[in-house]
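Residue numbers (the working numbering): 14 to 552.
One structure is given here, and the rest of the page talks about it.
Here it is as structure tokens:
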């Protein structure tokens, strides 16, 4: 680790205030070690990659958020703060005497634009939960705060959070003891401050900003920094809260006063809520910890927090801005966004889903509300019958078909159930009971078709060009020395078009007998895979 880098890991647990279960509790301590991690980045990337504005969301098994804020440091250094959050339902908690405890490993690597490693840190942290319900609650966040002193410039950040109590799905991962993890790799820029200038720091989005002792490591300038890395506000956090620092500059006089104007604006620049406070600072800087209430009059979406500080003597103004997300839907606060996407792909068209994927959290909430309104057959009624039935099918599929590796709607039977409803008739057979070349008229996918089907992502299925009825010449599929005839089969039949929630199922011209899906337990482990269908296309 370079001589100018330091790190603090503070783990906190946060529940949404509206649940009234009490306040956050300090749960963790300092880093247990400063270790070398990873491989040096390719220095050539520095010229090709532009820094990305935070916050950042992870890839991998765990969904985590990282936000960054820089403050003026000593000399030419910037005090760079990094905030990370992960929801309880992303982690595995084991029962202990005082409740439930997790065990995670946090690895952080920072490299400068030449590829030189300036920060390497590893921390072992143990989040706790009071009850089993808390341990599985997406609304309760574990938050880590780190601090480094860095010279201004462009840097590459790598963050890896590993759950040491959760193995990745799959037999090979279990054999090799591979744990679930979330990873973030991105370029970011450390701001340059001028020691003698009148400046306003970057803004830290927080959950609360109560005053504490000035030397308390949980805070800054006597204000507790309780980070909100996702920048979500609305239902569970009805006040947009921020922390910032004003640096009056060398030309300021001891009698100067400053007017601080804070506002939340929509993307057109219209002010929705604002506040003004006056400060008469002492010293080289003063802290701001303000809150702006947001009500349901402000719809879900992406907004801008703008803070301006004016020296009332010189009339000089400095400002800083941050985007924030306002969201009101319970699902947005209490459910993993990836789970929502896994569900919506089963009812949306491809263009609709691709649009949804690209949206920010606040804009996604607005888009989903409009989508469900558009598919509601009776918009004037108090309940959306399509949404109610969709939720019922999703819950039924997850309950019936979940495996140790994935949730039920990601299995073939689960996806068919959500798209087409429960079958009108279900048969449980072995291929020797009449399916196959000895008597059935149903074509089962051949080896090449099966490879195509299995290679697809788990969120798509049933290309209409892959399965047609009529040809039975290649029903027998050799695999591992056995044939499909030795496998258990489950046959779903639908009268007519099935029970599509949106009425957009296109049947093939020769499908007058209705829909049919054949699933086989190919591995003998109870997990049935779709091997053939008749008359079905997706939306």
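Think of the CB as a built atom: it goes at the ideal place given N, C-alpha and C, for glycine as much as any other residue.
If you draw a straight line from the Cα of residue 395 to the Cα of residue 401, it comes to about 12 Å. Secondary structure of residue 113 (DSSP, three-state): strand. Under the rule that a run must span 4 or more residues, the alpha helix (DSSP H) segments found entirely inside the region 310-368 read 343-347, 350-357.
The DSSP-derived three-state label of residue 129 is coil. According to the DSSP assignment, residue 197 belongs to no alpha helix (DSSP H) but to the beta strand (DSSP E) extending over 192-203. The beta carbon of residue 323 is closer than 6 Å to those of 272, 330 in its chain, skipping five residues each way along the sequence. Secondary structure at residue 105: coil, using DSSP grouped into helix, strand and coil. Sixteen is the threshold: when 16 or more other Cβ atoms of the shown chains lie within 10 Å of the Cβ of residue 85, as they do, the residue is buried. Note: residue 530 is bridge-paired with 505, 546 in the DSSP secondary-structure output. Take residue 260, set aside five residues on each side of it, and the residues of its chain with a beta-carbon closer than 6 Å to its own are 85, 212, 298, in chain order. In the structure shown, residue 408 falls within a helical segment according to DSSP collapsed to helix, strand and coil. Between the alpha carbons of residue 200 and residue 169 lies a distance of about 4 Å.
Residue environment: residue 441 is assigned as exposed (fewer than 16 neighbouring CB atoms within 10 Å of its CB, all protein chains considered). Between the beta-carbon of residue 150 and that of residue 101 there is about 5 Å, and that keeps the pair under the 8 Å contact cut. By the criterion of a C-beta distance shorter than 6 Å, residue 543 is surrounded in its chain by 425, 532, once the five residues flanking it on both sides are discounted. In this structure, residue 71 lies near residue 174, with their beta-carbon atoms less than 9 Å apart. Between residue 179 and the set 185, 172, 190, 300, the nearest pair of CA atoms involves 190. Taking all protein chains in view, the Cβ of residue 91 is crowded by 16 or more other Cβ atoms within 10 Å, so the residue is classified as buried. Residue 239 and residue 362 have their C-alpha atoms roughly 40 Å apart.
Take the alpha-carbon of residue 188 and the one of residue 74: they are about 18 Å apart. Secondary structure at residue 512: coil, using DSSP grouped into helix, strand and coil. Residue 241 is classed as buried because its beta carbon has at least 16 other beta carbons within 10 Å across all chains shown.
Taking each of 289, 300, 301, 307 in turn and checking the Cα distance to residue 249, the smallest one comes out for 307.
According to the DSSP assignment, residue 386 belongs to the alpha helix (DSSP H) that extends over 374-388. Taken in chain order, the whole beta strand (DSSP E) runs of length 3 or more contained in the region 198-240 are 217-219.
Within the same chain, and ignoring the five residues on either side of residue 198 in sequence, the residues whose Cβ sits closer than 6 Å to its Cβ are 171. The criterion of a C-beta distance shorter than 9 Å is satisfied by residue 264 and residue 209. When DSSP reads this structure, residue 400 sits in no beta bridge, so it has no partner. Non-local beta-carbon contacts of residue 68 in its own chain, meaning distances under 7 Å to residues more than five positions away in sequence, involve 78, 79, 80, 242, 243, 244 in chain order.
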